[in-house]
Amino acid sequence: MQKIFFLCIALFLIHINTAAQNCNFNFRGKVTDFHVDTPIIGASIQLLNLNKFTTSNLDGFFEFKGLCEGKIELEIQHIACETRKITIHLKNNLFKEIFLEHHLEELNEVIVTTNTKTTTTSIEQTIKEDVLENYTDKSLGDALKSISGVSSLNTGSTIVKPMIHGLHSSRVLIINNNVRLFDQEWGDEHAPNFDLNSSNRIDVIKGANTLKYGNDAIGGLILIRGKKYAAKDSVFGKSSISLNSNGFGGNINTEIVKTYSTGYYGKFQTSYKRFGDFRAPNYYLTNTGMENLNASLRFGYNSFEKGFEAYYSLVNNNFGILQLSHIGNVNDLVQAINSSEPRNTEDFSHKIENPKQTILHHLGKIEAYKRFKGFGKLSVQYDFQLNRRKEYDLGRGNRENTPVIDLRLFTTSIQPNLHIDFLPNVKFDIGLLGRFQQNNAVAGTRSRPLIPDYEKIDAAVYSIGNYKIDETTEINAGIRYDYSSIDANKTYLLADWKKYNFDQLFPEFEGEIDNTRIKTNPKFTFHNVSASLNFSKRWKNELTFLINYGLGNRVPNPSELYSDGVHHSNARFEIGYLNIKKEIANKFNLSLERKNDDFGFIISPYYKRINGFIQLIPTGITTTIKGAFPVWEYDQVDAQIFGIDIDINKKINSQLDYLGNISLIKGENITQDIPLIHMPSTNFSNRIVYTNKQWHDLTFSLRNTTVLRQNDYPNYNFNTFNPTTQQEVFVDISSPTPAYSLFDFSASATLKTSHKGSLKLEFNIENILNVSYREYLNRFRFFADELGRNLNIKIKINY
Amino acid sequence: MKITNTVKTIKLLAILFISAITFTACSEDDHDDHDDHDHEEEVITTLNYTLTSGSDVVTLTYRDLDGEGGNEGVTTVSGSLSANTTYAGAIELLNETESPAENMTEEIEEEDDEHEFFFTSTVTGLTISKTDVDGNGNPLGLETSLTSGAAGSGSITVVLKHEPTKPNDGTSASAGGSTDIEVTFNVTVQ
Chain B
-19 MQKIFFLCIA LFLIHINTAA QNCNFNFRGK VTDFHVDTPI IGASIQLLNL NKFTTSNLDG
41 FFEFKGLCEG KIELEIQHIA CETRKITIHL KNNLFKEIFL EHHLEELNEV IVTTNTKTTT
101 TSIEQTIKED VLENYTDKSL GDALKSISGV SSLNTGSTIV KPMIHGLHSS RVLIINNNVR
161 LFDQEWGDEH APNFDLNSSN RIDVIKGANT LKYGNDAIGG LILIRGKKYA AKDSVFGKSS
221 ISLNSNGFGG NINTEIVKTY STGYYGKFQT SYKRFGDFRA PNYYLTNTGM ENLNASLRFG
281 YNSFEKGFEA YYSLVNNNFG ILQLSHIGNV NDLVQAINSS EPRNTEDFSH KIENPKQTIL
341 HHLGKIEAYK RFKGFGKLSV QYDFQLNRRK EYDLGRGNRE NTPVIDLRLF TTSIQPNLHI
401 DFLPNVKFDI GLLGRFQQNN AVAGTRSRPL IPDYEKIDAA VYSIGNYKID ETTEINAGIR
461 YDYSSIDANK TYLLADWKKY NFDQLFPEFE GEIDNTRIKT NPKFTFHNVS ASLNFSKRWK
521 NELTFLINYG LGNRVPNPSE LYSDGVHHSN ARFEIGYLNI KKEIANKFNL SLERKNDDFG
581 FIISPYYKRI NGFIQLIPTG ITTTIKGAFP VWEYDQVDAQ IFGIDIDINK KINSQLDYLG
641 NISLIKGENI TQDIPLIHMP STNFSNRIVY TNKQWHDLTF SLRNTTVLRQ NDYPNYNFNT
701 FNPTTQQEVF VDISSPTPAY SLFDFSASAT LKTSHKGSLK LEFNIENILN VSYREYLNRF
761 RFFADELGRN LNIKIKINY
Chain S
93 MKITNTVKTI KLLAILFISA ITFTACSEDD HDDHDDHDHE EEVITTLNYT LTSGSDVVTL
153 TYRDLDGEGG NEGVTTVSGS LSANTTYAGA IELLNETESP AENMTEEIEE EDDEHEFFFT
213 STVTGLTISK TDVDGNGNPL GLETSLTSGA AGSGSITVVL KHEPTKPNDG TSASAGGSTD
273 IEVTFNVTVQ
């Protein structure tokens, strides 16, 4: 702590009105640390126009003698500290206490651009702005895949769900500008409604430092953060355009930032993305285009003692769904699995037809904070989100324009947080959460809603402490209590209600019976206690060792509890169960890290034990008028997931760098002693980067990504009878896809256009060898190949 | 300066708060908290395949009154077919969750170029041919001609494909598309 005081060199600038006559005043003062209320020792103080210097003594005191009467302007400046301006009128001898602030990361962008972690003890990895810019026309899931241990669950190529250590959906929290994203995230084919272009930085927290945001980050947490802007009068921005050969489309993005020396700032960003049908190496993937319009607005006021921020973002997604993936029954599925190529492919088109998804997501928040001298910082955040999801299927007649799924999810929450930092080595966060969520299965879909109307209330209280044992050792511990209650209104088919035995288990939920249907009102409440314990130790040779333990609880989501019916876009019957209990996870993460440009690495093994792991698995068929229809049911098993993520960077010479990573993962269903479904297979990537700093930052990069076959998979295959051919047919819905290896190339150069502005040109080739492959974690692996070669040009302008 | 800043801040917060409330209060759609999903479902619950030869009428019915899920559908065959007889076959599709039942056959007729029925049978000597065509002159299958052979028994499978390849070689497998109906009836010919 003392080191920091010494770093805080204060500069005083006193302007003296020369009209003043009396030049016999003394100005004495004391420099004090705002947080811990202790004197700042050895700050050097200068009066510029008088050429006078002084230094604060051991008690933080300083003194200037023989000053004239008048207006004095003080400017306090110091390295790694806040710059302050104070104006005083000197009429008498004066004593003034001046508070200085060394927590610069709260105020200035300079620190944010360097790689600071959310907390020292956290096991996490970061994608910075310059890397994010490479993914301007891709999705969040695509960008995060560059991090070891992160993979994705895809539906085609545009609907990409991030997966951390084989877990996804409700087990991966996405925090957008401090707001937890609620966008019907439970669905496998529901991609996060978030525009990558609106963010400046994304952290992936694999470890356990997640209690502030939730108790259920069993997979991990994705933290999307905006920038802090320096308090100066400035206006700047950037624009980019990206064009692609595959899908014949691209993205345009522009953002503009205005900052004021008073501390006010504002940012507006908007992007538009449009693609037509993508192409696999040998055919077009009919109806896989997309259209995407996003905008975000951020403004606020930032000073050391207080500030506020308002943020609003709008995401409007329109995804075409591969037409071939629409199947009527199991026999259609078998036909798709057994044919190596889709049965009929059409020519390229920009049109987005049924089946498709359209999603509109509003997110808004206001946050305000105030610091209290010698105590800490109190902040309060209010936020709201409105998500409207419509899924359209191939239908007859005017049903083309009627969605088969139409859900409106409204979420609002309030979160006060108190950050106590007056003690030298201990910091505390104490916070509360109140949240209300309402789902409305909007009428008019002409089908039974899969997810019912419900109301959910969450309340939580948490406390997280951070103790710095010495300069290199820190310990962090947290505890959190969560209350959740969910109240749904769902109409079941009476036959199903009895078949699932709910009439015996939950007679209290039963309502009116109308012929074949029964109205029910299932209500559940949950109480959860979660905890985390984290430790970090740093050595002199840039080596850090971290250990994270987390106890997490996840309450079953509405899909797991209430699903009961045809999920049209998945062409399967999905059954959730009211008797599904919460998931309890114990997770252990270790990490040995060396941050060094010449040779650095992260070696990070992990083990997760999840009791009551809820999984959706194929269980057979149900007979309908369409014939045999696939059934997927939620069930609960005890599971363990373990693996290791390794990242390495090595400087070969002054211009060549090697970057590599590998992820190994194994997921086991302990209850049945079989592997878990949909676990990522071993994958590794190797990359060589050439950089010429002398000539326009010229960069060439070649990357190879290899994904091995998943040999550990559960076998849920079954036989069904095809009445047309009068044969038993084998339904192979479990076998994984073969291994594949892809090469990507990228080249870029930056041209300076003015002293602040620059122009960056980029050329990329993805899947250089135009390899035909399928990915185990793509839900459309039965129907079509992944994308073929893509040529991409990007132009980025900073001004 | 400080005071104006505070005022500004309060104003901005107020504006945002009000806009947030407005937003949630009047979202772009009808607000319907108490949706009635009970009588809006549009499904084919029933398929009637009526075979007529003079006064000899045999009806094959598949009926699943609660739609997909719930109770499984029930097939009924009103009687046995006569040997060596030609029947005129007509398909009728109904939504019997409505009262009176909604005729879904019309939907197929309106989009006949996007649909086709396929008939297969395991009864020796029994053949079914489509006698109607769609707007493009391709087979449709709402109307058929069934000719029975010698006495025997087996099954008849009726398949309706949505967006099949038309024309095709007459088998549902080559037609592709997605299956909207696939029902099987056990029949006897005597």
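Going down the list, the protein sequences come from chains B and S.
Mapping of the first sequence onto my numbering: residues -19 to 779, in sequence order.
Mapping of the second sequence onto my numbering: residues 93 to 282, in sequence order.
Glycine included, every Cβ here is placed at the ideal spot set by N, Cα and C.
Are isoleucine 775 of chain B and isoleucine 221 of chain B closer than 8 angstroms when you measure CB to CB? Residue mapping note: residue 775 of chain B aligns to position 795 of the first sequence, counting from 1. Residue mapping note: residue 221 of chain B aligns to position 241 of the first sequence, counting from 1. Yes, the pair counts as a contact, with Cβ atoms nearer than the cut-off.
Is DSSP giving aspartate 409 of chain B helix, strand or coil here? Along the first sequence, one-based indexing puts residue 409 of chain B at 429. In this structure, aspartate 409 of chain B counts as strand in the three-state DSSP scheme.
Thinking serine 128 of chain B and aspartate 724 of chain B are a contact (beta carbons under 8 angstroms), I'd like their distance in whole angstroms, please. The residue you call residue 128 of chain B lines up with position 148 of the first sequence. The residue you call residue 724 of chain B lines up with position 744 of the first sequence. That belief does not hold up - the Cβ atoms of serine 128 of chain B and aspartate 724 of chain B are roughly 17 angstroms apart, past 8 angstroms.
Exposed or buried, glutamate 755 of chain B, counting other C-beta atoms within 10 Å across all chains shown (16 or more means buried)? Start at 1 with the first residue of the first sequence, and residue 755 of chain B comes out as number 775. Glutamate 755 of chain B should be labelled buried.
Closest by CA to isoleucine 200 of chain S, which one among S/Leu152, S/Glu190, S/Ile183? The residue labelled residue 200 of chain S in the question sits at position 108 within the second sequence. Comparing Cα positions, the closest option is S/Ile183.
Looking at the strands, I want to know which residues DSSP matches up with tyrosine 614 of chain B. Taking the first sequence and counting its residues from 1, the one referred to as residue 614 of chain B is at position 634. DSSP output for tyrosine 614 of chain B lists B/Leu596 as bridge partner(s).
Where proline 261 of chain B falls: helix, strand or coil (DSSP): Residue 261 of chain B sits at position 281 when you count from the first residue of the first sequence. If DSSP states are grouped into helix, strand and coil, proline 261 of chain B belongs with coil.
Could you spell out where the alpha helix (DSSP H) holding glutamate 255 of chain S opens and where it closes? In the second sequence, residue 255 of chain S corresponds to position 163, counting from 1. Segment: none, glutamate 255 of chain S is in no alpha helix (DSSP H) and carries neither H nor E.
Tyrosine 557 of chain B (DSSP reduced to helix, strand or coil): In the first sequence, the residue the question calls residue 557 of chain B occupies position 577. Coil.
So, is the C-beta of aspartate 156 of chain S closer than 8 angstroms to a C-beta in chain B? Here residue 156 of chain S refers to the residue found at position 64 when the second sequence is read from its first residue. True, the Cβ-Cβ gap to chain B drops below 8 angstroms.
Check each residue of the segment 157 to 175 of chain S: if its Cβ is closer than 9 angstroms to any Cβ of chain B, include it; give the result in chain order. Going along the segment 157 to 175 of chain S in chain order, one finds Leu157, Asp158, Gly159, Glu160, Gly161, Gly162, Asn163, Glu164, Gly165 with a Cβ nearer than 9 angstroms to chain B.
Please list, in chain order, the chain B residues whose beta carbon lies closer than 8 angstroms to that of serine 245 of chain S. The residue labelled residue 245 of chain S in the question sits at position 153 within the second sequence. Ordered by position in chain B, no residue passes the 8 angstroms Cβ test against serine 245 of chain S, which lies about 14 angstroms from the chain.
Pick helix, strand or coil for aspartate 839 of chain B, following the three-state DSSP scheme. There is simply no residue 839 of chain B to check, as chain B begins at -19 and stops at 779 in what is shown.
If the cut is a Cβ gap below 9 angstroms, which residues of chain S does glycine 9 of chain B touch? Numbered from its first residue, the first sequence carries residue 9 of chain B at position 29. Within 9 angstroms Cβ-Cβ: nothing; glycine 9 of chain B doesn't reach chain S, min ~21 angstroms.
Just to confirm, are asparagine 274 of chain B and asparagine 177 of chain B a CB contact at a threshold of 8 angstroms? Position 294 of the first sequence, counted from the first residue, corresponds to residue 274 of chain B. Position 197 of the first sequence, counted from the first residue, corresponds to residue 177 of chain B. Yes, they are a contact pair.
Just to confirm, are phenylalanine 210 of chain S and serine 264 of chain S a CB contact at a threshold of 8 angstroms? Translated into the one-based positions of the second sequence, residue 210 of chain S becomes position 118. Translated into the one-based positions of the second sequence, residue 264 of chain S becomes position 172. Their beta carbons are under 8 angstroms apart, which means phenylalanine 210 of chain S touches serine 264 of chain S by this criterion.
How big is the Cα-Cα spacing for serine 681 of chain B and tyrosine 670 of chain B? Translated into the one-based positions of the first sequence, residue 681 of chain B becomes position 701. Translated into the one-based positions of the first sequence, residue 670 of chain B becomes position 690. Spanning the two alpha carbons is a distance of roughly 6 angstroms.
In chain order, which alpha helix (DSSP H) runs of at least 4 residues are fully inside the segment 269 to 334 of chain B? Listed in chain order, they are 310 to 318.
Neighbouring residues, chain B, relative to valine 275 of chain S (Cβ below 7 angstroms): Here residue 275 of chain S is taken as the residue at index 183 of the second sequence, counted from 1. Within chain B, the residues near valine 275 of chain S are Ile605.
Tell me the rounded alpha-carbon separation between cysteine 326 of chain B and isoleucine 394 of chain B. What you label residue 326 of chain B is simply residue 346 of the first sequence in a count that begins at 1. What you label residue 394 of chain B is simply residue 414 of the first sequence in a count that begins at 1. A small correction: the amino acid at residue 326 of chain B is glutamate; cysteine does not occupy that position in the sequence shown. Between glutamate 326 of chain B and isoleucine 394 of chain B, the C-alpha separation is close to 50 angstroms.
Just to make sure I have the definition right: I need the residues of chain S whose C-beta is within less than 9 angstroms of the C-beta of threonine 496 of chain B. Which are they? On the first sequence, position 516 is the one that residue 496 of chain B refers to. In chain order: Leu157, Asp158, Gly159, Gly162, Asn163, Thr189.
Could you tell me which residues DSSP puts in a beta bridge with lysine 10 of chain B? Locating residue 10 of chain B in the first sequence gives position 30, counting from the first residue. Residue pairing of lysine 10 of chain B in beta bridges, as defined by DSSP: B/Phe41, B/Glu77.
Identify whether histidine 548 of chain B lies in helix, strand or coil by the three-state DSSP scheme. Here residue 548 of chain B is taken as the residue at index 568 of the first sequence, counted from 1. Taken through DSSP and simplified to helix, strand or coil, histidine 548 of chain B comes out as helix.
Please confirm whether any heavy atom of the ligand COA lies closer than 7 angstroms to the CB of asparagine 469 of chain B. Only the bare structure without any ligand can be found here, which leaves the ligand COA out of the picture.
Beta-carbon proximity check, asparagine 569 of chain B vs tyrosine 542 of chain B, cutoff 8 angstroms: Taking the first sequence and counting its residues from 1, the one referred to as residue 569 of chain B is at position 589. Taking the first sequence and counting its residues from 1, the one referred to as residue 542 of chain B is at position 562. No, Cβ-Cβ distance for asparagine 569 of chain B and tyrosine 542 of chain B is not below 8 angstroms.
Leaving aside the five residues before and after leucine 374 of chain B along the sequence, list all residues of the same chain whose C-beta is less than 7 angstroms from its C-beta, in chain order. Within the first sequence, numbered from 1, the residue matching residue 374 of chain B stands at position 394. The residues His306, Asn334, Pro335, in chain order, have a CB closer than 7 angstroms to that of leucine 374 of chain B in the same chain once the five nearest residues on each side in sequence are set aside.
Alpha-carbon to alpha-carbon, tyrosine 442 of chain B and isoleucine 590 of chain B: Sequence index remark: in the first sequence, residue 590 of chain B carries index 610 (1-based). Sequence index remark: in the first sequence, residue 442 of chain B carries index 462 (1-based). About 22 angstroms.
Under 9 angstroms by beta carbon: chain S residues contacting glutamine 315 of chain B: Here the question's residue 315 of chain B lines up with position 335 in the first sequence. Within 9 angstroms Cβ-Cβ: Ala265, Gly268.
If you follow the beta strand (DSSP E) that valine 687 of chain B is part of, which residue opens it and which one closes it? Within the first sequence, numbered from 1, the residue matching residue 687 of chain B stands at position 707. Note, valine 687 of chain B: beta strand (DSSP E), 678 to 687.
Within the continuous beta strand (DSSP E) that includes aspartate 438 of chain B, where are the two ends? Within the first sequence, residue 438 of chain B is the residue found at index 458, counting from 1. First-last of the beta strand (DSSP E) with aspartate 438 of chain B: 433 to 450.
Specify the secondary structure class of glutamine 365 of chain B as computed by DSSP and reduced to three states. Locating residue 365 of chain B in the first sequence gives position 385, where the first residue counts as 1. Glutamine 365 of chain B sits in a strand when the DSSP states are folded into three classes.
Around the C-beta of histidine 254 of chain S, are 16 or more other C-beta atoms found within 10 angstroms, so that it is buried, or is it exposed? If you number the second sequence from 1, residue 254 of chain S lands on position 162. Histidine 254 of chain S is buried by the Cβ-count criterion.
Name the chain B residues whose beta carbon is nearer than 8 angstroms to that of glutamate 134 of chain S? By one-based count along the second sequence, residue 134 of chain S stands at place 42. Residues of chain B whose Cβ lies closer than 8 angstroms to the Cβ of glutamate 134 of chain S are, in chain order, Arg379, Arg426, Ser427.
Less than 8 angstroms between the beta carbons of histidine 342 of chain B and glutamine 365 of chain B, yes or no? Reading the first sequence from its first residue, position 362 is the one you call residue 342 of chain B. Reading the first sequence from its first residue, position 385 is the one you call residue 365 of chain B. The Cβ atoms of histidine 342 of chain B and glutamine 365 of chain B lie closer than 8 angstroms to each other.
Buried or exposed (CB count within 10 angstroms, at least 16 for buried), asparagine 508 of chain B: The residue you call residue 508 of chain B lines up with position 528 of the first sequence. Buried.
Where does lysine 331 of chain B land, buried or exposed, given buried means 16+ other C-beta within 10 angstroms? Here residue 331 of chain B corresponds to residue number 351 of the first sequence, with the count starting at 1. With fewer than 16 Cβ atoms within 10 Å of its Cβ, lysine 331 of chain B is classed as exposed.
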